[in-house]
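A short write-up of the structure that comes next.
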Amino acid sequence: MAGLPNSSNVLQQWHRLFEAQGNTRSEQAEHHLQQLLRLGLPTRKQENWKYTPLDGLLKGEFVTRLADVNPAQRDALALTLDAVRLVFVDGQYRPELSDSTQESGFEVAINNDRQNLHAPVQPEVFLHLTESLAQSVTHISVRRNQRPDKPLLLMHITPGAGRR
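Per the working numbering, the sequence shown starts with residue 7, numbered consecutively.
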C-alpha cells in the first residue's frame with residue numbers, strides 16, 4: 007500500500023463520480039472533496055487503521071448507475087422487525103419502497119439543507135467521501151415528549167455490480 011494515499015485509482019474513481027454530478031454540487035460537497043483528496047486513503051501505518059485492511063475496497067469499481075430494487079427484493083433483505091422503514095438504494099431515498107411516516111411519531115425531511123448539521127467529532131476520509139457524494143440530507147426528529155410506537159429502521163441497499 008506504499009504510495010497509495012494520494013495516487014489511488016479508487017480516489018480517481020470517486021473524483022469522477024463527484025464530477026459527474028455536474029453543477030448540482032454544494033459548496034460543502036466541494037470542501038469535502040478537497041479534504042478527501044488532501045487526506046488520501048488511510049494506511050496500516052495509521053494507528054486507527056492498523057487492523058482494517060482496505061484491499062477489498064481498493065479492488066472495487068465505483069460507477070454511477072440506478073439500481074432497480076422491487077418490494078420483494080426489499081422484503082427479502084429486511085429484518086423481521088415491526089418498524090417504520092425508510093429505504094435507501096445506492097444512497098438515494100426511495101419513497102416507493104419506504105413506509106409512510108405520517109402518524110408514526112417521526113418527522114422526516116429529505117432535502118439539501120446542510121446548514122443545520124453539527125460538525126463531526128472526528129472527521130476522517132470516509133466522512134469526507136460520503137459528504138462529497140451525498141446528493142441529499144435526511145433529517146429525522148421526534149417531537150419533544152413524544153414516543154413513537156414503532157422503531158425507525160433505515161435500510162440501505164446496495165445491489166452491487168459484481169466483479170468483472
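Beta carbons: idealized from backbone N, C-alpha and C, even for Gly.
Item checked: C-alpha gap between TRP55 and PRO48, whole angstroms -> Counting from one through the sequence shown, the residue named residue 55 turns up at place 49. Counting from one through the sequence shown, the residue named residue 48 turns up at place 42. Straight-line measurement puts the Cα of PRO48 at about 7 angstroms from the Cα of TRP55.
Check: According to DSSP, which residues form a beta bridge with GLU113?
Finding: Numbered from its first residue, the sequence shown carries residue 113 at position 107. According to DSSP, which records beta bridges pairwise, GLU113 is partnered with SER147.
Checklist line | Assumed close pair TRP20, LEU135 - CB separation to whole angstroms, cut-off 8 angstroms | finding: Your numbering for residue 20 matches position 14 in the sequence shown. Your numbering for residue 135 matches position 129 in the sequence shown. Contact check for TRP20 and LEU135: beta-carbon distance about 6 angstroms, within the 8 angstroms limit, so the pair qualifies.
Margin query: Assuming the contact rule is C-beta atoms closer than 8 angstroms, GLU109 and ARG149 should be a hit. Round their C-beta distance to whole Å, please.
Written below: For this step, residue 109 is matched to residue 103 along the sequence shown. For this step, residue 149 is matched to residue 143 along the sequence shown. Between GLU109 and ARG149 the beta-carbon gap is near 12 angstroms, outside 8 angstroms, which marks them as no contact.
Notebook entry, point to check: Quick one: what does DSSP say GLN41 is sitting in, helix, strand or coil?
Noted result: The residue given as residue 41 occupies position 35 in the sequence shown. The DSSP-derived three-state label of GLN41 is helix.
Next item on the list: Taking all protein chains shown into account, decide if ALA35 is buried (16 or more other Cβ within 10 angstroms of its Cβ) or exposed.
Entry: Locating residue 35 in the sequence shown gives position 29, where the first residue counts as 1. Buried is the call here.
Checklist line | Coil, strand or helix - VAL93 by DSSP | finding: Along the sequence shown, read from residue 1 onward, the residue named residue 93 stands at position 87. Note: VAL93 maps to strand in three-state DSSP.
Note to self: Does SER138 pass the burial test, meaning 16 or more other C-beta atoms within 10 Å, or should it be called exposed?
What the structure shows: Counting from one through the sequence shown, the residue named residue 138 turns up at place 132. The residue in question, SER138, is buried, as its Cβ has 16 or more Cβ neighbours within 10 Å.
Check: Does the region 151 to 158 come close enough to the region 56 to 68 to have 3 or more Cβ pairs within less than 8 angstroms?
Finding: In short, these stretches do not touch, since the Cβ pair count stays below three.
Check: Would you call the CB atoms of THR144 and ALA73 closer than 9 angstroms?
Finding: In the sequence shown, the residue the question calls residue 144 occupies position 138. In the sequence shown, the residue the question calls residue 73 occupies position 67. In this structure, ALA73 does not lie closer than 9 angstroms to THR144 by Cβ.
Margin query: Taking a contact to mean a Cβ-Cβ separation below 9 angstroms, would you say HIS162 touches PHE94 in this structure?
Written below: Locating residue 162 in the sequence shown gives position 156, counting from the first residue. Locating residue 94 in the sequence shown gives position 88, counting from the first residue. Against a cut-off of 9 angstroms, the Cβ pair of PHE94 and HIS162 comes out as a contact.
Check: What number of angstroms, rounded off, separates the C-alpha of GLN79 from the C-alpha of LEU103?
Finding: By 1-based counting over the sequence shown, the position of residue 79 is 73. By 1-based counting over the sequence shown, the position of residue 103 is 97. One alpha carbon belongs to GLN79, the other to LEU103, and they sit about 10 angstroms apart.
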